[in-house]
Ligand code: SF4
Ligand code: SF4
Ligand SMILES: [Zn+2]
């Protein structure tokens, strides 16, 4: 896991469907997903955070926990959506980075999201390793964490 793929909001872009599609060029399999190189490499707001904050847009903080308003309403809303649908929490990620440091966080993320088959990285948006389980998405493009 790379430091530059940890977004200011606590998202790990390495787990993101837009990042993984870009990395593996999966649209060649007939998908039409927007590709993203990750929040920091992209240099502008995240595709999934339409209502991104002015402080983040201005690059005023590296991580939201440096902000006086942390955790703000917007971040709590995003966090709730991700905890409910995508098995992760931006706020937990940020607290872990703040309390234990980035290196420990990156290591822990690598272990937590490792594909047991190939050692690749599971995608948080669908719960699949896109190297091993792409057929599941080809068969059902809306597949998410075992739901129909
Ligand atoms: S869409 Fe957002 S979460 Fe996904 S890689 Fe891009 S910046 Fe990161
Ligand atoms: S206002 Fe919210 S989203 Fe913006 S930097 Fe502060 S905690 Fe992060
Ligand atoms: Zn795999």
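Residue numbers (this note's numbering): 432 to 579.
From the three backbone atoms N, C-alpha and C, an ideal C-beta is built for every residue, glycine too.
Which listed residue (the options) has its alpha carbon closest to that of residue i
| i | options | result |
| --- | --- | --- |
| residue 520 | 443, 433, 464 and 435 | 443 |
| residue 542 | 467, 565, 450 and 446 | 446 |
| residue 516 | 435, 574, 485 and 478 | 574 |
| residue 471 | 455, 437 and 562 | 437 |
| residue 448 | 457, 440 and 441 | 457 |
| residue 498 | 508, 485, 453 and 557 | 485 |
| residue 452 | 577, 538, 576 and 554 | 554 |
| residue 483 | 463, 500, 505 and 465 | 505 |
| residue 546 | 434, 572, 560 and 534 | 560 |
| residue 467 | 491, 461, 455 and 571 | 455 |
| residue 469 | 500, 434, 495 and 496 | 434 |
| residue 491 | 532, 439, 523 and 549 | 439 |
| residue 578 | 511, 558, 493 and 540 | 558 |
| residue 502 | 523, 513 and 514 | 523 |
| residue 549 | 556, 540 and 562 | 562 |
| residue 510 | 570, 479, 567 and 460 | 479 |
DSSP-derived helix/strand/coil call for residue i
| i | result |
| --- | --- |
| residue 542 | helix |
| residue 560 | strand |
| residue 448 | helix |
| residue 548 | coil |
| residue 443 | strand |
Whole-angstrom C-beta distance between residue j and residue i, which should lie under 8 Å
| i | j | result |
| --- | --- | --- |
| residue 538 | residue 527 | So it is not a contact: roughly 11 Å between Cβ atoms. |
| residue 488 | residue 476 | 6 Å |
Chain D contact for residue i (CB, 9 Å cutoff)
| i | result |
| --- | --- |
| residue 549 | No chain D is present in this structure, which holds just one protein chain. |
Cross-strand partners of residue i (DSSP beta bridge)
| i | result |
| --- | --- |
| residue 578 | 575 |
Check your reading: residues with Cβ closer than 6 Å to ligand 3 heavy atoms: 546, 548, 549, 551, 560, 562 and 563
Just the residues with CB closer than 6 Å to a heavy atom of ligand 4, in chain order, which are they? Absent from the structure shown: ligand 4. Ligands present: ligand 1, ligand 2 and ligand 3.
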